[in-house]
Amino acid sequence: MGAPSHDVTQVCEIAAPFIHKDGSAGPITAARLRRSKLVYAGLCGLGLVPCIIGLSAGWQAAGLGLLFPGAGFLAVGGWALLLLAVTLVVFAVTLIAWFGAAMIVAPIGVWIGTALLAGAMAHGRVSPAAPLVALGFVAAGLACAYRFAQRQKAAELALLEDRCRYLPRELAQVAARAAAPPQPDERELTPDELAMARYVLERALQPVGELGGFDRIDQFQTAALRYQINHLGYALALMQ
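Okay, structure coming up:
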């Protein structure tokens, strides 16, 4: 028979130390987030310097371009404002490319490239409203991000409470229905299972550095070598 229900660990007891209403990021993640925020704040401050000290229009446009992708076109004005919308769309696409194919240079290139392009396009006098509009965009974006994070956190806490209500009961029922493990001499593999086990073991027991029998299609999507190795380990664990 399975383990008695009182041995089932309460999910709330596990999750409580890690999930709080004020945030659930661990110390390392929280430190990385703080560093990212400081870097972005410094980038915004650096971008506003040309406007504050009254440098040329090109420098002001390039500086505003550091606030967010395409912001420099606010300093150019006119039809160049269309490039702001185009830049935001392209930047979103590069984020997908970054996530899907590890093209980390793509979003960075679009951000810096559009700032330089805006700087080259800007001539004459920059409207005093351009920095204010750019800061308005930044403030709106940060407010939306904060609201999204708060709503996501509320949803996570609600899900935790829901799980705290039903998981202990469900786990106790599973434990009550669980069968006792069979004796070791009753767990022989069938011929077909042995053939599959041989296939797995031949790949797992190769000399270090050899990867015979693995597909090499790409290293970023689901055919990546790391996923093949992961599932090899899963198969060995299941067989054991």
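Under the numbering used here, the first residue of the sequence shown carries the number 298, and numbering increases by one thereafter.
Quick reminder that beta carbons are idealized off the backbone N, C-alpha and C, glycines included.
This structure is a prediction, so every number in the text was calculated from the model and none was measured.
Item: Below 8 Å, can you find three or more Cβ-Cβ pairs linking the stretch 359-367 to the stretch 470-490?; Value: no
Item: For the pair the stretch 415-430 and the stretch 368-379, tell me if three or more CB-CB distances fall below 8 Å.; Value: yes
Item: Mark cysteine 348 as exposed unless 16 or more other C-beta atoms lie within 10 angstroms of its C-beta, in which case mark it buried.; Value: buried
Item: On the three-state DSSP scale, how would you describe glutamine 449?; Value: helix
Item: Give the single residue among Leu533, Tyr463, Gly344 and Arg466 whose Cα lies nearest to the Cα of alanine 415.; Value: Gly344
Item: With a threshold of 16 other CB atoms inside 10 Å of the CB of leucine 533, please say whether the residue is buried or exposed.; Value: exposed
Item: Please classify threonine 487: does DSSP put it in a helix, a strand, or coil?; Value: coil
Item: Does phenylalanine 365 come out as helix, strand or coil in the three-state DSSP assignment?; Value: coil
Item: Does aspartate 515 come out as helix, strand or coil in the three-state DSSP assignment?; Value: coil
Item: Under a Cβ-count criterion, where at least 16 other Cβ atoms within 10 Å of its own Cβ denotes burial, should histidine 303 be classed as buried or exposed?; Value: In this prediction, histidine 303 has a pLDDT of 42, which is less than 50 and means its spatial position is unreliable; what the coordinates show is noted afterwards. The residue is exposed, with fewer than 16 neighbouring Cβ atoms inside 10 Å.
Item: Near leucine 340, what residues of its chain come up, given a Cβ to Cβ distance below 7 Å and the 5 sequence neighbours on each side ignored?; Value: Leu363
Item: Valine 305 to leucine 380, Cα distance in whole Å?; Value: Only weak support exists for where valine 305 lies, its pLDDT of 42 falling under 50; the coordinates are left without a value.
Item: Could you check where the alpha helix (DSSP H) with tryptophan 408 kicks off and where it finishes?; Value: 402-418
Item: Assign arginine 422 to one of three DSSP states: helix, strand, or coil.; Value: coil
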